[in-house]
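Down below is the structure, laid out as structure tokens.
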DNA sequence: ATGACGGTGTGGCACCGA
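Residue numbers (the working numbering): 1 to 258.
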């Protein structure tokens with residue numbers, strides 16, 4: 001069983017790459033962020049042909065998230081219950097897997113732009129709301145994974161320039177404290193359950209040859225609940241799609257559950 | 001301090017991302 005997350009920065013542009021990647025990596029579920037399209041434009045037919053059900057929460061121009069799954073999906077929730085939000089950033093669903101129900105929470109965390117800004121305040125409010133809701137989600141669904149583009153580099157080793165970027169967006173103590181609060185709910189960072197190469201990142205700036213110079217951040221994550229933790233046998237970033245023509249600026253992250 | 005690159009919407013650029 002494999003689950004994955006990938007910010008594809010426009011599904012309109014990247015659908016062929018998503019289909020190619022799924023053909024080469026037939027994961028059981030793929031969480032997509034930054035669809036940048038409305039529900040009516042979602043390519044259900046092409047993905048069904050590839051063998052995937054889809055739960056979709058689209059938005060024009062910005063944001064938009066979807067869960068693709070080889071197993072039937074149920075109990076779909078869009079955005080954080082009780083948290084008023086005009087932006088489509090969260091979709092959760094339960095997968096009917098042969099080994100029992102698996103709850104996936106697919107999230108596109110707020111960027112935050114700059115500490116002190118209104119957008120940063122929104123990010124912190126959103127993070128608090130996500131945390132509070134996840135507590136009840138975990139109670140209701142012990143087998144749960146939180147996947148997505150977190151827009152947080154949890155530790156210094158998750159940044160190409162931790163000193164130069166100290167205190168800047170994705171690196172602030174407030175964002176990192178919120179990430180830790182998610183771990184404190186009983187979630188584990190699947191990537192860090194295993195030995196990894198130094199300077200392992202999941203996002204690289206399009207500008208200034210960011211990927212070629214490996215000037216990146218690890219901001220795309222798969223967090224697993226206590227009930228799942230022991231079943232995770234691998235987790236890695238697939239850098240290959242970042243070498244495509246017209247790539248997303250993010251690479252997929254894949255976790256294998258035994 | 002700024003812009004660099006890419007997607008979108010829509011208008012001949014501005015805005016946003018990270």
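Where a beta carbon is used, it is the ideal one built from N, C-alpha and C, also for glycine.
What distance in whole Å lies between the Cβ atoms of residue 63 and residue 87, which are believed to be in contact at a cut-off of 8 Å? 5 Å
Jot down the residue ranges of each uninterrupted beta strand (DSSP E) in the stretch 48 to 92, minimum 3 residues, whole runs only, in chain order. 53 to 57, 65 to 69, 73 to 78
When burial is assigned at 16 or more other CB atoms within 10 Å of the CB, is residue 180 buried or exposed? exposed
Assign residue 90 to one of two classes, buried (16 or more other C-beta atoms within 10 Å of its C-beta) or exposed (fewer than that). buried
Under 8 Å by Cβ, that's how I've got residue 223 and residue 145 pegged, so tell me the actual separation to the nearest angstrom. 7 Å
In whole angstroms, what is the alpha-carbon distance linking residue 139 and residue 118? 32 Å
Using the Cα positions of residue 95 and residue 8, report the straight-line distance between them to the nearest angstrom. 22 Å
The beta strand (DSSP E) spanning residue 122 covers which residue range? Per DSSP, residue 122 belongs to no beta strand (DSSP E); it is in the alpha helix (DSSP H), 118 to 140.
Short check: CB of residue 197 to CB of residue 170, under 7 Å? no
With a threshold of 6 Å, establish whether the CB of residue 31 neighbours any heavy atom of the ligand ADP. In the structure on display, the ligand ADP does not appear, and there are no ligands present to speak of.
Helix, strand or coil: how does DSSP classify residue 215 here? coil
So the beta strand (DSSP E) residue 184 belongs to, where does it begin and stop? From DSSP, residue 184 is part of no beta strand (DSSP E) but of the alpha helix (DSSP H) over 173 to 184.
CA-to-CA distance, residue 56 to residue 11, given in whole angstroms: 12 Å
Buried or exposed, going by whether 16 or more other CB atoms sit within 10 Å of the CB of residue 158? buried
Go ahead and pull the three-state DSSP assignment for residue 101. strand
8 Å contact criterion, which residue 30 and residue 22 should meet: CB distance rounded: 7 Å
Can you tell me which of 15, 205, 84 puts its alpha carbon nearest to the alpha carbon of residue 46? 15
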